[in-house]
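*Asks:* The structure under discussion is supplied below as structure tokens; questions concerning it will follow.
There are 4 protein chains.
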Amino acid sequence: MQFFSDNAAPVCAEVLSALVETNATDAAYDADAVSRAMDDAFSALFETEVASMWISTGTAANALALAALCPPYGSIVCHRAAHIQNDECGAPEFYTHGAKLLLAEGAGAKLTVDSVAQAIADVNTGVHWVQPYALSITNATEYGLVYTPREVAALGEFARARNLGFHMDGARLANAIAHLGCSPADLTWRAGVDVLSFGFVKNGGMSAEALIFFRRDLAETSKIRRKRAGHLMSKGRFSAAQIMTMLRDDLWLRNARTANDAAARLAQAAVDRLVYPVEANELFLKASPEEADALRAQGFGFYDWAPGEIRLVTSYHHSEADVAALAAALRQL
Amino acid sequence: MQFFSDNAAPVCAEVLSALVETNATDAAYDADAVSRAMDDAFSALFETEVASMWISTGTAANALALAALCPPYGSIVCHRAAHIQNDECGAPEFYTHGAKLLLAEGAGAKLTVDSVAQAIADVNTGVHWVQPYALSITNATEYGLVYTPREVAALGEFARARNLGFHMDGARLANAIAHLGCSPADLTWRAGVDVLSFGFVKNGGMSAEALIFFRRDLAETSKIRRKRAGHLMSKGRFSAAQIMTMLRDDLWLRNARTANDAAARLAQAAVDRLVYPVEANELFLKASPEEADALRAQGFGFYDWAPGEIRLVTSYHHSEADVAALAAALRQL
Amino acid sequence: MQFFSDNAAPVCAEVLSALVETNATDAAYDADAVSRAMDDAFSALFETEVASMWISTGTAANALALAALCPPYGSIVCHRAAHIQNDECGAPEFYTHGAKLLLAEGAGAKLTVDSVAQAIADVNTGVHWVQPYALSITNATEYGLVYTPREVAALGEFARARNLGFHMDGARLANAIAHLGCSPADLTWRAGVDVLSFGFVKNGGMSAEALIFFRRDLAETSKIRRKRAGHLMSKGRFSAAQIMTMLRDDLWLRNARTANDAAARLAQAAVDRLVYPVEANELFLKASPEEADALRAQGFGFYDWAPGEIRLVTSYHHSEADVAALAAALRQL
Amino acid sequence: MQFFSDNAAPVCAEVLSALVETNATDAAYDADAVSRAMDDAFSALFETEVASMWISTGTAANALALAALCPPYGSIVCHRAAHIQNDECGAPEFYTHGAKLLLAEGAGAKLTVDSVAQAIADVNTGVHWVQPYALSITNATEYGLVYTPREVAALGEFARARNLGFHMDGARLANAIAHLGCSPADLTWRAGVDVLSFGFVKNGGMSAEALIFFRRDLAETSKIRRKRAGHLMSKGRFSAAQIMTMLRDDLWLRNARTANDAAARLAQAAVDRLVYPVEANELFLKASPEEADALRAQGFGFYDWAPGEIRLVTSYHHSEADVAALAAALRQL
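Chains as they are written, first to last, in this note's numbering: chain A, 18 to 350; chain B, 18 to 350; chain C, 18 to 350; chain D, 18 to 350.
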């Protein structure tokens, strides 16, 4: 009964089956039929023509997106708690060849137009200062909050006005959309997003995320950079198959709903302990070390997050029984 | 009946089964039990204590190895036809932050002490010239030739004398060892190799190569660089499982033997056409465009390599029947 | 009567004379007699054996120093207001190949052990987080404050305990030493500094700063990086001559004293307006736009720094008369 | 009587005087009047509107030019003997963030359309191969040969047809123009050159080369990169003054003529020893070690270049007497 992270969850059955079915010989790299079908599938999902590519990890997806939007001598505005700042070992700096991350504030890892404006307010023009070229937000955020289409659009408008490229780290985009019930288009390109890291691994996939270019002109050089970074899998059809399987019949959305529902049930059981509202599949709870120990003694696995605070992450694979058991345990604390 | 490349072959059945078996929840990244077992498995195989890590592609494996051996202001001696020079879109330059590849000559993409010595003869000492820091060879070579332990050792001795790190690109190391019948140790660290890219994808794997550090001191920063490059898979146990499966009962060696045997049978059928001796699983054959067309008309797929020259690559999965059919077709040309 | 910046001041007469005297043909790059004499001169000045090199700008000096102390996948702790963060267009990121600057707090751009400890407190170990490798301070700071030997030593001790390289940006080190009356050794290596950017351009030089390696093992690769960055002047003797001239008879110290004295006189005249204590040669003064205009109307040139705040910088070349005139003008505001 | 290299020659008197005259306080960086006048001066010289900037060294000039023309994932075609390949410690790789130099052949370090075409003939399209983005030639070449306007134009046409940016390393452009008697425009932009490194240091300057952008759109980011590389001198007016002085009354051309004439006289004295025709100010002569010793015994300084080969470089400052003496000594060998 592990609630450490959705990124350690099993691969969902449909994806495993797809790997087996994909095993016929086909063209190498991304010239196979499944890889070539991806652009159409994502264009349909997003209701506009997009360019897409599979990529092994969210870190690589984010770093490639940022390299497409920001030159080596530029900066990228992101939240102080952003995954790209804290959890990627400098991948954005590596892929952009040394761009700077300009850190902005906001409760629950959520940026606002004001906080972004404040972050760049001190940057003078001229060659002495690194100039901002891009804005990156995470949806759902690192603390499980969800930007609405309206909130994204406000940031998108700001970005366009300041000539900033706009990237969305959607490692848990599925959870955000499941929460909002909105269309993928409304939450992304219609709100001004240029490039999207669309996560599948945390949601039941094995080793494939999608990078979606609403600005299709950025795709070509990104494919070059993907190869240059050693991310062009020779048997790429296995990556494509994971993504295409999860797109079929909205498996991605169903999985995310399951995860969100589990989180919501747990939130209800621990409503007085919530550090942030639970909108996606992450819970940050106030819990003393003794309380954390008590939960662990009952077989629940999770991370301590901060002094007096634990993190629980639900996933599509958590059984109703496991969730009910944890909910009960939380109530009894 | 495709002989385009071993890198487009199916995944072998044992590996697919392993993916399914690996699907229980475990720790993320490389903290799972399977990943942690890799060092022991490779240490046993190589008869010495090594550090190892899984990595998605051969390009990434090579580039990480080179970054471990060469600073940004250094150069790496390799063959003019080396994969790292021609087929990786500058990945070595990306990962090393701008090191230079110093190209050496040699028939069949094979380096000798003389050709390496000649490549670095013109390099003056001092800060104006990029100084060589590493030597990289491919075994089996890009033209399907195999370095013997003695040949590798001669290069290893030269490298040590000149203070060059020594990398082996073993995308087809299994084929080389199957050909030689030698121990993996004799062909690598006993011959002076510091870091080895050990290929599994071309030999039946799906998405995992191994990077083997005989100089274990280089592993720690390489793990940092792997993360920084977005190559630390969150569900890394699926990468480890592929490798561990192929190590079990020498599956890697049996697969390579199958591929080599197929190539040998084809070589026998086209002995007058061989551009290079066939030692591993690649054949380069003289064939006129008409002859190539005739083969394709019979359903065989392969690449034109040069004017009047075609390339055939065999793999573990080619059936005896397919190989026999192609052999017959070659004989009838 | 310009008080914009010491970096626009004239070159002092002794330096100009030295350029003329240096004009005999000599060896190229840094093989000339003057360049070769630098190590001895600085070793004498610092009372320990150092390695040194001339370099055209403070930005290049700092960036080379940081590249010597921090790998691409590391971070450098510095003040939020540090020159390396705000005024060098990402030179540290360029030269280190993508290291991160980790920003710490402190009044007047001055770091303390506590503020540095706080900056790195959130960094978890492991490959997901960029690990700190270096600490960089500016003395005198960007706001004209001076670290004492004791303060530097406290930071040096912390750096050593945490295994951080320790860099000092001494663009105005001369002013700091003139203020403290201490020995250069006490303020640098005896307090734990590993590499020092020693500024001469702001203090009467034309185009040469010195990079001082108290850890002499770092000099060799830094000389390679200097060449690689296009900073190895072919007529390097003219760079060396500037530095050697300023070392002769403590010209560097006398010039700095002149500048500090001027600043002190201005500070006395505007004691109620001081935003920071005046310890070196920079003054930050509260002044309304109208007051600033009034000063400008009298022919004084300077920058607005913040709303209601101006900056005045004195230099060795300001005449007593100019300083007296500005002091009088400040008093009359 | 040193003939080692023009890059160790004295600074010419006019330039030294200019430094003294420039010493009034002015704006910092490149906002001073002299720096701002450079674009006009070069636009007049080149008979078209250009953007220009001063830069400390030829290595930095070349590297900035190449970074403007080639992305990190591209390659630059140059001669195997090019300065950018052999003498800049990887500066092009550093500034471009890892672009590859693609080496072409040609007698006397001179490229032809055929040799360039051959160098890129093997590059397949697609993401696996680094694609060529730029062509770089050196005029006069590293062996003292001069490309004519017609030869440059042929390469320029080829470059345009293949969509390659075209860079000229003009460290000795003055010598080339002095030899040809052509207009600077004919040898550069009218022949298709996009960016020119225009050398002054080897021709009497101290520490300033000019980078000339015939494609003016490339200047802005190059100025950012110059700062980021630590090459934006705070007292930039001293750099600008050197260049402007050498442009006045064609001092640059007169100096080059003096150097060329000296080389021509020496060539006449050693006509049977010439390895290459002498077109600029460099001589490569067959000379046995004993002959070299004999010259050195008479006080002449120069470099051995290859077994049985020496290099002599003349400069504007060589006196008629010195040249006559060396000519006589050569005749007497």
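Glycine included, each C-beta is placed from N, C-alpha and C at the ideal position.
Should Asn272 of chain C and Ala193 of chain C be called a contact, given that it needs their Cβ atoms to be closer than 9 Å?
*Replies:* Locating residue 272 of chain C in the third sequence gives position 255, counting from the first residue. Locating residue 193 of chain C in the third sequence gives position 176, counting from the first residue. For Asn272 of chain C and Ala193 of chain C, no; Cβs fall outside 9 Å.
*Asks:* With Ser256 of chain B as the anchor, note down where its alpha helix (DSSP H) starts and where it stops.
*Replies:* Against the second sequence, residue 256 of chain B aligns to sequence position 239. It spans 254-264 - the alpha helix (DSSP H) in which Ser256 of chain B sits, taken as one unbroken run.
*Asks:* Quick check on Cys87 of chain C - is its C-beta less than 9 Å from some C-beta in chain A?
*Replies:* As a position in the third sequence, residue 87 of chain C is number 70, starting the count at 1. Not an interface residue.
*Asks:* Our contact map puts Leu81 of chain B next to Ser239 of chain B with C-beta atoms below 8 Å; I'd like the distance itself, whole angstroms only.
*Replies:* Along the second sequence, one-based indexing puts residue 81 of chain B at 64. Along the second sequence, one-based indexing puts residue 239 of chain B at 222. Their Cβ separation, rounded to whole angstroms, is 5 Å, which keeps Leu81 of chain B and Ser239 of chain B in contact under 8 Å.
*Asks:* Leaving out five residues on either side along the sequence, give the residues of the same chain with a beta carbon under 6 Å from the beta carbon of Ala208 of chain D.
*Replies:* On the fourth sequence, residue 208 of chain D is found 191 positions in, with the first residue counted as 1. Around Ala208 of chain D: Pro166, Val169, Ala170, Gly173.
*Asks:* Buried or exposed: Val288 of chain C, going by 16 or more other Cβ atoms within 10 Å of its Cβ?
*Replies:* As a first step, residue 288 of chain C must be located in the third sequence, where it is residue number 271. Val288 of chain C is exposed by the Cβ-count criterion.
*Asks:* Considering only the beta carbon of each residue, do Glu296 of chain C and Leu120 of chain C sit closer than 9 Å?
*Replies:* Here residue 296 of chain C refers to the residue found at position 279 when the third sequence is read from its first residue. Here residue 120 of chain C refers to the residue found at position 103 when the third sequence is read from its first residue. Contact flag unset, no.
*Asks:* Give the DSSP-derived three-state secondary structure of Gln315 of chain D in the structure shown.
*Replies:* As a first step, residue 315 of chain D must be located in the fourth sequence, where it is residue number 298. Three-state result, Gln315 of chain D: coil.
*Asks:* CB Lys117 of chain A to CB Glu110 of chain C, shorter than 9 Å?
*Replies:* If you number the first sequence from 1, residue 117 of chain A lands on position 100. If you number the third sequence from 1, residue 110 of chain C lands on position 93. A contact, by the Cβ cut-off of 9 Å.
*Asks:* Here's a check: name, in chain order, each residue in its chain whose Cβ is nearer than 7 Å to the Cβ of Trp206 of chain A, leaving out the five neighbours to either side.
*Replies:* Here the question's residue 206 of chain A lines up with position 189 in the first sequence. For Trp206 of chain A, where only same-chain residues beyond five positions count, the Cβ hits under 7 Å are Phe63, Thr65, Phe231.
*Asks:* Are there 16 or more other CB atoms within 10 angstroms of the CB of Thr262 of chain C, so buried, or fewer, so exposed?
*Replies:* Taking the third sequence and counting its residues from 1, the one referred to as residue 262 of chain C is at position 245. Answer is buried; the Cβ neighbour count reaches 16.
*Asks:* Considering only the alpha carbon of each residue, which of C:Glu299, C:Leu36, C:Ala77, C:Val28 lies closest to Phe215 of chain C?
*Replies:* For the purposes of this step, residue 215 of chain C is taken as the residue at position 198 of the third sequence. Ranking C:Glu299, C:Leu36, C:Ala77, C:Val28 by Cα distance to Phe215 of chain C puts C:Ala77 first.
*Asks:* Examine chain A for any beta-carbon lying closer than 9 Å to the beta-carbon of Tyr90 of chain D, and answer yes or no.
*Replies:* By one-based count along the fourth sequence, residue 90 of chain D stands at place 73. Yes, contact with chain A.
*Asks:* Please report how far the alpha carbon of Ser332 of chain A lies from the alpha carbon of Ala236 of chain C, in whole angstroms.
*Replies:* For the purposes of this step, residue 332 of chain A is taken as the residue at position 315 of the first sequence. For the purposes of this step, residue 236 of chain C is taken as the residue at position 219 of the third sequence. Approximately 53 Å between the Cα atoms of the pair.
*Asks:* Just by C-beta distance, which residues in the region 228-252 of chain A are closer than 8 Å to chain D?
*Replies:* For the region 228-252 of chain A, which is checked against every Cβ of chain D, the residues closer than 8 Å are Thr238, Lys240, Ile241, Arg242, Arg243, Lys244, Arg245, Leu249.
*Asks:* With three or more beta-carbon pairs closer than 8 Å as the criterion, would you say the region 100-108 of chain D touches the region 145-164 of chain B?
*Replies:* They touch, by the three-pair rule.
*Asks:* Buried or exposed for Thr39 of chain B, going by 16 or more other Cβ atoms inside 10 Å?
*Replies:* For the purposes of this step, residue 39 of chain B is taken as residue 22 along the second sequence, with counting starting at 1. It counts as buried.
*Asks:* Assign Arg245 of chain B to one of two classes, buried (16 or more other C-beta atoms within 10 Å of its C-beta) or exposed (fewer than that).
*Replies:* Along the second sequence, one-based indexing puts residue 245 of chain B at 228. Arg245 of chain B should be labelled buried.
*Asks:* CA-CA distance, Val340 of chain A and Ala68 of chain B?
*Replies:* Along the first sequence, read from residue 1 onward, the residue named residue 340 of chain A stands at position 323. Along the second sequence, read from residue 1 onward, the residue named residue 68 of chain B stands at position 51. One C-alpha to the other measures close to 39 Å.
*Asks:* So, with DSSP's three-state summary, where would you put Val147 of chain A?
*Replies:* Walking along the first sequence from the start, residue 147 of chain A turns up at place 130. If DSSP states are grouped into helix, strand and coil, Val147 of chain A belongs with coil.
*Asks:* List in chain order: all unbroken alpha helix (DSSP H) runs of 4+ residues lying wholly within the region 213-252 of chain D.
*Replies:* 236-245, all fully within the region 213-252 of chain D.
*Asks:* Sort D:Cys199, D:Gly253, D:Ile241, D:Val32 by Cα distance to Ala48 of chain D and report the nearest one.
*Replies:* Taking the first residue of the fourth sequence as 1, we reach residue 48 of chain D at position 31. Looking at the Cα atoms, D:Gly253 is the closest of the given residues.
*Asks:* Mind pulling the chain A residues with CB within less than 7 Å of Val144 of chain D?
*Replies:* The residue given as residue 144 of chain D occupies position 127 in the fourth sequence. Within chain A, the residues near Val144 of chain D are Lys240, Ile241, Lys244, Leu249.
*Asks:* Specify whether the region 84-100 of chain D and the region 134-142 of chain B touch according to this definition: at least 3 beta carbon pairs, one from each stretch, less than 8 Å apart.
*Replies:* No, because fewer than three Cβ pairs between the region 84-100 of chain D and the region 134-142 of chain B fall closer than 8 Å, the two stretches do not touch.
*Asks:* List the residues of chain B that His114 of chain C touches, going by C-beta distances under 7 Å, in chain order.
*Replies:* Taking the third sequence and counting its residues from 1, one reaches residue 114 of chain C at position 97. Under the 7 Å cutoff, chain B gives Pro89, His114.
*Asks:* In chain order, which alpha helix (DSSP H) runs of at least 4 residues are fully inside the region 288-346 of chain A?
*Replies:* The qualifying runs are 306-314.
*Asks:* Could you tell me which of B:Asp321, B:Asn156, B:Val51, B:Thr74 sits nearest to Ala99 of chain B, measuring between CA atoms?
*Replies:* Sequence index remark: in the second sequence, residue 99 of chain B carries index 82 (1-based). When only C-alpha atoms are compared, the closest one is B:Asn156.
*Asks:* Do Tyr160 of chain C and Leu204 of chain C have their C-beta atoms closer together than 9 Å?
*Replies:* Here residue 160 of chain C refers to the residue found at position 143 of the third sequence. Here residue 204 of chain C refers to the residue found at position 187 of the third sequence. No, these two residues do not count as a Cβ contact at 9 Å.
*Asks:* Beta carbons nearer than 7 Å to chain A: which residues of the region 38-64 of chain B have them?
*Replies:* Under the 7 Å Cβ criterion, the region 38-64 of chain B contributes Asn40, Ala41, Thr42, Asp43, Ala44, Ala45.
*Asks:* Closer than 7 Å by beta-carbon distance: list the chain A residues that pair up with Ala80 of chain B, in chain order.
*Replies:* Mapped onto the second sequence, residue 80 of chain B falls at position 63. Chain A residues near Ala80 of chain B: Gly247.
*Asks:* Mapping DSSP to helix, strand and coil, what is Met55 of chain A?
*Replies:* On the first sequence, residue 55 of chain A is found 38 positions in, with the first residue counted as 1. Of the three classes helix, strand and coil, the one that applies to Met55 of chain A here is helix, per DSSP.
*Asks:* Taking any Cβ of chain D, which residues in the region 202-215 of chain C have a Cβ under 8 Å from it, in chain order?
*Replies:* Taking 8 Å as the Cβ-Cβ cut-off against chain D, none of the residues of the region 202-215 of chain C qualify.
*Asks:* Report the residues of the region 97-112 of chain D with a CB closer than 8 Å to any CB of chain B, ordered along the chain.
*Replies:* Within the region 97-112 of chain D, the residues whose Cβ lies closer than 8 Å to some Cβ of chain B are Asn103, Asp104, Glu105, Cys106, Gly107, Glu110, Phe111, listed in chain order.
*Asks:* Can you name the start and end residues of the beta strand (DSSP E) that Val94 of chain B belongs to?
*Replies:* Taking the second sequence and counting its residues from 1, one reaches residue 94 of chain B at position 77. Taken as a continuous stretch (DSSP letters only), the beta strand (DSSP E) holding Val94 of chain B covers 91-96.
*Asks:* Can you find a CB in chain B that lies within less than 9 Å of the CB of Ala26 of chain A?
*Replies:* By one-based count along the first sequence, residue 26 of chain A stands at place 9. Judged by the 9 Å Cβ criterion, Ala26 of chain A is in contact with chain B.
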